[in-house]
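**Student:** Residue numbers (our numbering): 11 to 406. Sharing a structure here in C-alpha cells format.
In C-alpha cells form, the structure reads like this:
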C-alpha cells in the first residue's frame, strides 16, 4: 500500500517536530482504516522504538511488521527480592532436623516449614521498578501505539527518559476509563481522516466507518444479526466476546464455563482471566488477559499461577470476583484491597476493557443504549476489536 498525500503530510509534520523538539509529545490520531500503522511503519529505523500497552496489542503490531514490545517490558525491571530470610529459615530447619531427626516432627518444625513455604511463594510473585538503564535511554524516538489505556503514572515514567514520544491513537473510541488516557485526551497534532480503499473494502472497517458516521447497524443477514439468533454453543467459536454491562459480562462468563463443563467455581488450569485493576509494581495492567496454569487455596485470597506469552507469574487474587454471580465491588478499605489483586474470568469482557486489543474473531452483544451519549462510540470501539470475523448481535 502506497503512502497517501495525507499520510505524507503527517510524516512531514512528524519530521519537523523531530528536528525542532519543541514539545515532548506529538499526537498522531486517526480512525480505523486511516492508515496509522502504515504511517508509523515509515519510521522504522535504528534508535526508533515501538511500544504499546498490552502484550496483545504488541503482538498485533508485530504481525503487521512493526517491531513492538510492551511498555512494561521496555521500561520496567524485576526487583531483586532478598533471599536472606529464606536462607535463614532453611538453616534453622536444617539445624532442627539435625537435632531432632526427620521422624520426630513437632510444632516448631511445622511452623518453620509453613514459613519457608510462604517465603518461597513471596519470591515467586512479581515485583517491578523503573529500569534506569532501559534501551529507551539511548533511543531517538519512542512510538507508543493504542495510547488510550496509558495512565498518568506510566506516562510520567515514559517521559522521565526525556525521549520524544509519538503517541498514536483513535479518538473515536470510548472515553478512557478513570485514571487512563493521559495521551489521548489532548488535541491531536495530526488527525488522519481518509479511510483508504483497501481498508474500506474490509466489511468490518466499512461497518465501523458507518457507525462512526452515525448510522446505527441493522440486521443484514451477515455480520449483524438480531438478538437471540446466536446460540450459546456458537459463542464458543469466537476468540473473544465483548459486552457492555458488568452484569452481562458476569452472566456470560458463567454461561461459557458451564458450556465448557467446568464445575469448579474457582479458576482451573486453562481458564482465561482478566486483570481488573492496575498494579504497576507487580506488572499487572487493567484489561490484560492471562491464562491460568494452577491455583492454590480456597480462602478469601487464592494464589494463581498465570501466564501470558509463555511467561508465568504467581499472584495472590481476591476470590470474590470469581464466585459473585453479579458484579459487586469489593467492600473493603483501600488498604485491605491492596492485600491481593483483582481478577475475573475473561471469556467475555466489556468494551471499555477491550480498548487497545484486537482478536481474530469477536462476538459483540450490543448494549450500547446503556451508554446514552456514548452509544455510537461504544459500538465503534467494540466492532473495531475484530480483525477477521465479527458478529454483532443487535436488539430490534
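C-beta: ideal position from N, C-alpha, C; glycine also. Predicted, not measured: the structure shown is a model, and the values here were computed from it.
Could you tell me if the beta carbon of residue 64 falls within a distance shorter than 7 Å of some heavy atom in the ligand ZN?
**Tutor:** What this structure holds is no ligand at all, so the ligand ZN is not there to describe.
**Student:** Using the Cα positions of residue 275 and residue 73, report the straight-line distance between them to the nearest angstrom.
**Tutor:** If you take the alpha carbons of residue 275 and residue 73, they lie about 36 Å apart.
**Student:** In chain order, what residues of the same chain have a beta carbon less than 6 Å from the beta carbon of residue 254, not counting five sequence neighbours either side?
**Tutor:** Same-chain partners within the cutoff: 377 and 380.
**Student:** Would you grab the beta carbon distance between residue 41 and residue 292 for me? Rounded to a whole angstrom, and I think it's under 8 Å.
**Tutor:** Contact flag wrong, Cβ pair sits at about 34 Å.
**Student:** Have a look at 336, 314 and 286 and flag the residue whose alpha-carbon is nearest the alpha-carbon of residue 362.
**Tutor:** The option with the nearest alpha carbon to residue 362 is 286.
**Student:** Would the beta-carbon of residue 389 fall within 8 Å of that of residue 200?
**Tutor:** Not closer than 8 Å, so no.
**Student:** Going by C-alpha to C-alpha distance, which of 149, 209, 208 and 219 sits closest to residue 183?
**Tutor:** For the residues 149, 209, 208 and 219, the minimum Cα distance to residue 183 belongs to 219.
**Student:** Between which two residues does the alpha helix (DSSP H) harbouring residue 23 extend?
**Tutor:** Looking at the DSSP string, the run of the alpha helix (DSSP H) that includes residue 23 is 15-30.
**Student:** By DSSP, does residue 111 sit in helix, in strand, or in coil?
**Tutor:** The answer is coil: DSSP assigns residue 111 none of H, G, I, E or B.
**Student:** Could you pull the DSSP bridge partners for residue 178 from this structure?
**Tutor:** In DSSP, residue 178 forms a bridge with 38.
**Student:** Comparing alpha-carbon positions, which option in 310, 373 and 203 lies nearest residue 252?
**Tutor:** It is 373 whose Cα lies nearest to the Cα of residue 252.
**Student:** In the DSSP assignment, find the beta strand (DSSP E) that holds residue 399 and state where it starts and stops.
**Tutor:** Residue 399 -> beta strand (DSSP E) spans 396-404.
**Student:** How many whole angstroms separate the CB atoms of residue 319 and residue 302, which I take to be in contact at a CB cut-off of 8 Å?
**Tutor:** With 8 Å as the limit, residue 319 and residue 302 do not qualify as a contact, their Cβ atoms being about 15 Å apart.
**Student:** Taking the C-alpha atoms as reference points, what is the distance between residue 259 and residue 245?
**Tutor:** Their Cα atoms are separated by approximately 13 Å.
**Student:** Between which two residues does the alpha helix (DSSP H) carrying residue 358 extend?
**Tutor:** That residue, residue 358, is in no alpha helix (DSSP H); its beta strand (DSSP E) goes 358-360.
**Student:** What three-state label does DSSP hand residue 96 in the structure shown?
**Tutor:** It is helical.
**Student:** Would you report the Cα separation of residue 186 and residue 119, rounded to the nearest angstrom?
**Tutor:** Between residue 186 and residue 119, the C-alpha separation is close to 52 Å.
**Student:** So within the stretch 119-150, which uninterrupted alpha helix (DSSP H) runs reach at least 4 residues, ignoring any that extend past its ends?
**Tutor:** Fully enclosed alpha helix (DSSP H) runs of 4 or longer: not present.
**Student:** Compute the beta-carbon to beta-carbon distance between residue 64 and residue 356, rounded to the nearest angstrom, for a pair I have assumed lies under 8 Å.
**Tutor:** Not quite, the Cβ-Cβ distance comes to about 12 Å (not below 8 Å), so this is no contact.
**Student:** Which residue wins for smallest C-alpha separation from residue 284, given the options 358, 68, 235 and 333?
**Tutor:** The candidate whose alpha carbon is nearest that of residue 284 is 358.
**Student:** Per the DSSP calculation, residue 54 is bridged to which residue(s)?
**Tutor:** According to DSSP, which records beta bridges pairwise, residue 54 is partnered with nothing at all.
**Student:** When you compare only the Cα positions, how much space is there between residue 289 and residue 111?
**Tutor:** So the alpha carbons of these two residues sit roughly 44 Å apart.
**Student:** Among the residues of its own chain, which have a CB less than 8 Å from the CB of residue 360, if the five just before and after it don't count?
**Tutor:** Hits under 8 Å: 252, 253, 254, 255, 256 and 259.
**Student:** Which whole runs of the beta strand (DSSP E) in the stretch 217-275 are 3 residues long or more, in chain order?
**Tutor:** Complete beta strand (DSSP E) runs here, min 3: 234-236 and 250-253.
**Student:** Starting from residue 282, follow its DSSP beta bridges and name the residues at the other end.
**Tutor:** Its beta-bridge partners are 301.
**Student:** I need the straight-line Cα distance from residue 312 to residue 269, nearest angstrom please.
**Tutor:** Spanning the two alpha carbons is a distance of roughly 24 Å.
**Student:** Would you call the stretch 332-346 and the stretch 203-222 touching, i.e. three or more CB-CB distances under 8 Å?
**Tutor:** As far as the Cβ criterion goes, the stretch 332-346 does not touch the stretch 203-222, which means the pair count is below three.
**Student:** Buried or exposed for residue 1, please, with buried defined as at least 16 other CB atoms from any protein chain shown within 10 angstroms of its CB.
**Tutor:** Residue 1 is absent from the structure shown; the chain starts at 11 and stops at 406.
**Student:** Could you check what DSSP says for residue 380 in three-state terms: helix, strand or coil?
**Tutor:** Helix.
**Student:** Under a three-way DSSP split, which group does residue 355 fall into?
**Tutor:** Residue 355: strand per DSSP, three-state reduction.
**Student:** Who are the Cβ neighbours of residue 210 in its own chain at under 8 Å, not counting the five residues just before and after it?
**Tutor:** The residues are 43, 216 and 219.
**Student:** Going by the beta-carbon positions, is the gap between residue 174 and residue 140 smaller than 8 Å?
**Tutor:** It is not a contact, given that the beta carbons lie outside the stated cut-off.
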